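Asker: Let me begin by handing over the structure; questions about it come next.
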Amino acid sequence: MSAHENSDNNIGGPVKIGQHTLRFLELKDSRKAALTLLGSFDDDHLATYLVSHVEDPDVRAKLCLALYEAYTRQHILNGIVLGINETDDAFETVAIWAHPTALEDGLESYSTMMEAGYSTVWEMNDKTGRKKVFTEMMGALHDTAERILNFDERFMNKGVYTLVYLGSLRSARGKGNVRFMFEYMFRNYIDTKPDSITYLESSSINNIPVYEKFGFRLHSELTVGKRTPGSSVEGQDYAKLYVMIRGYKGRDWSKEDTNVHSHF
C-alpha cells in the first residue's frame, strides 16, 4: 500500500511535492522528532508550566524532551506521526496524530505506554512534575475531549482525528509546511471518510487565526494548573489551551444548534 492510500496505520515511502518531502516516521526517528518539538515549544506556556518548578534549565530541557519522545513513540506505535523536510538532527515540521481507531488499537494500553517511554518520564520527574504531567495535563485533556466528543450532539458518533502536537522549527516557519501537512491529511485521510472531524488543543492564542484558515473553529478553553486572578502567571502557575474543531470537509459546525447531553 502506498503512502497515498488512506489506511490510518499506513507507513509508506516519502511523498515529495515541490520543496516539501513528507514521510511517516518510525521508532528510529523518535529522537529527531522530539528534538523538533523541543525547539518548537521552547517558549510555549504549557511546556514552560510543566517544568516551571525545576530550576536547572538543562534538566527542564531533558524533561521536556523525554515527554515529547514518549508522545512521538506512542503515536508511531498506534497513531500517525509525520515528518516534513528532514535535516541532519531534526525535521523542519512534525505532526502527531491520533486517528479514529487509535484507542481500539491500543494507543493508551499499558504495553504501548511502557514501550513509548512514559515510565522514563515518570522516573525523571519529581512529585510535582508527575502531578503536572500525568494528573493535571493528561487528566484535563482527557476529560475535556470526552465531555465534548461524547455529549455534544454535533460531535457524537464521529470519526475523530486528533492533532496531538504540531511543531515547526523557527527556520521553517513561513515555508508552507503546515499547509502542506494539513492538505495531505485532509485529502488522503480525514475528508475521505464521511462524518470525520478534526480536534485539537492549541496552547497559543496566536495560533487560533492560523487554524481557522484550515476550517477549525474555536469551541472552548481549558486551564491546566491553578489560575488565581491577579496573582498567577501564565506559563508559571498555569497554562490555557484552546479547543478547536474542524467539521467534515471544513463544515462550520458553530452555526448548528447545540444540544449537550448531561453526563451526570
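So the mapping is simple: this note's numbering equals the position in the sequence shown, first residue as 1, plus 19. All residues carry an ideal CB built from backbone N, CA and C; glycine is no exception. Keep in mind it's a predicted model, so treat the numbers as computed, not measured.
Going by beta-carbon coordinates alone, are S221 and G178 separated by less than 8 Å?
Answerer: Translated into positions along the sequence shown, residue 221 becomes position 202. Translated into positions along the sequence shown, residue 178 becomes position 159. Contact: no.
Asker: Thinking just about the alpha-carbon of each residue, which of T217, T91, P76 is nearest to the one in G269?
Answerer: If you number the sequence shown from 1, residue 269 lands on position 250. The candidate whose alpha carbon is nearest that of G269 is T217.
Asker: In the DSSP output, what is F110 paired with across the bridge?
Answerer: As a position in the sequence shown, residue 110 is number 91, starting the count at 1. E105, per the DSSP bridge assignment.
Asker: In the DSSP assignment, find the unbroken alpha helix (DSSP H) run with K194 in it and report its ends.
Answerer: As a working note, residue 194 is residue 175 in the sequence shown. Per DSSP, K194 belongs to no alpha helix (DSSP H) and is neither H nor E.
Asker: Say whether the region 88-107 touches the region 176-196, bearing in mind that this needs 3 or more beta-carbon pairs closer than 8 Å, one atom from each stretch.
Answerer: Yes, the region 88-107 touches the region 176-196.
Asker: Taking only runs of the alpha helix (DSSP H) that begin and end inside the region 25-107, which ones reach a length of at least 4 residues, in chain order?
Answerer: The region 25-107 contains these whole alpha helix (DSSP H) runs: 49-59, 64-69, 76-97.
Asker: Helix, strand or coil for H23, going by three-state DSSP, please let me know.
Answerer: Taking the sequence shown and counting its residues from 1, one reaches residue 23 at position 4. Only weak support is given to the placement of H23: the predicted model assigns it a pLDDT of 31, under 50, and the question is left unresolved by the model.
Asker: Which residue wins for smallest C-alpha separation from D124, given the options E275, G98, D62, E172?
Answerer: Position 105 of the sequence shown, counted from the start, is the residue given in the question as residue 124. The option with the nearest alpha carbon to D124 is G98.
Asker: Below 8 Å on the Cβ atoms is my contact criterion, and I expect I14 with R246 to pass it. Report the Cβ-Cβ distance as a whole number of Å.
Answerer: Residue coverage of the chain in this structure runs from 20 to 283, which leaves residue 14 outside it and unanswerable.
Asker: To the nearest angstrom, report how far apart K146 and T211 are at their CA atoms.
Answerer: On the sequence shown, residue 146 is found 127 positions in, with the first residue counted as 1. On the sequence shown, residue 211 is found 192 positions in, with the first residue counted as 1. Rounded to the nearest angstrom, the two C-alpha atoms are 44 Å apart.
Asker: Give me the Cα-Cα distance between R50 and N176, rounded to the nearest whole angstrom.
Answerer: The residue you call residue 50 lines up with position 31 of the sequence shown. The residue you call residue 176 lines up with position 157 of the sequence shown. Rounded to whole angstroms, R50 to N176 spans 35 Å at the Cα level.
Asker: Leaving out five residues on either side along the sequence, give the residues of the same chain with a beta carbon under 6 Å from the beta carbon of S281.
Answerer: As a first step, residue 281 is located in the sequence shown; it is residue number 262 there, counting from the start. Its pLDDT being 49, under 50, S281 is placed unreliably in this model, and the value from its coordinates should be taken loosely. Excluding sequence neighbours, S281 sits near nothing in its chain.
Asker: Taking 6 Å as the limit between beta carbons, can you name the residues of its chain near D63, skipping five residues before and five after?
Answerer: Within the sequence shown, numbered from 1, the residue matching residue 63 stands at position 44. So the qualifying residues of the chain are S222.
Asker: Which of the three DSSP states, helix, strand or coil, is assigned to T247?
Answerer: Here residue 247 corresponds to residue number 228 of the sequence shown, with the count starting at 1. T247 falls in the coil class under three-state DSSP.
Asker: Consider the C-beta atom of D171 and the heavy atoms of the ligand MN; say whether any pair is separated by less than 7 Å.
Answerer: As presented, the structure is devoid of all ligands, the ligand MN included, so that no description of it is given.
Asker: Leaving out five residues before and five after S190 in sequence, what residues of the same chain have Cβ atoms less than 8 Å from its Cβ?
Answerer: Residue 190 sits at position 171 when you count from the first residue of the sequence shown. Around S190: E111.
Asker: DSSP on G234, reduced to helix/strand/coil?
Answerer: Here residue 234 refers to the residue found at position 215 of the sequence shown. In this structure, G234 counts as coil in the three-state DSSP scheme.
Asker: Please report the Cβ distance between S187 and S71, rounded to the nearest whole angstrom; I am assuming they are in contact, meaning their Cβ atoms lie under 8 Å.
Answerer: As a working note, residue 187 is residue 168 in the sequence shown. As a working note, residue 71 is residue 52 in the sequence shown. Contact doesn't hold; Cβ gap of about 24 Å is too wide.
Asker: Going along the chain, which residues of its own chain have a beta-carbon closer than 8 Å to the beta-carbon of F201, five neighbours each way excluded?
Answerer: The residue you call residue 201 lines up with position 182 of the sequence shown. Around F201: F233.
Asker: Does the beta-carbon distance from W116 to T181 come in below 8 Å?
Answerer: By one-based count along the sequence shown, residue 116 stands at place 97. By one-based count along the sequence shown, residue 181 stands at place 162. Yes, these two residues count as a Cβ contact at 8 Å.
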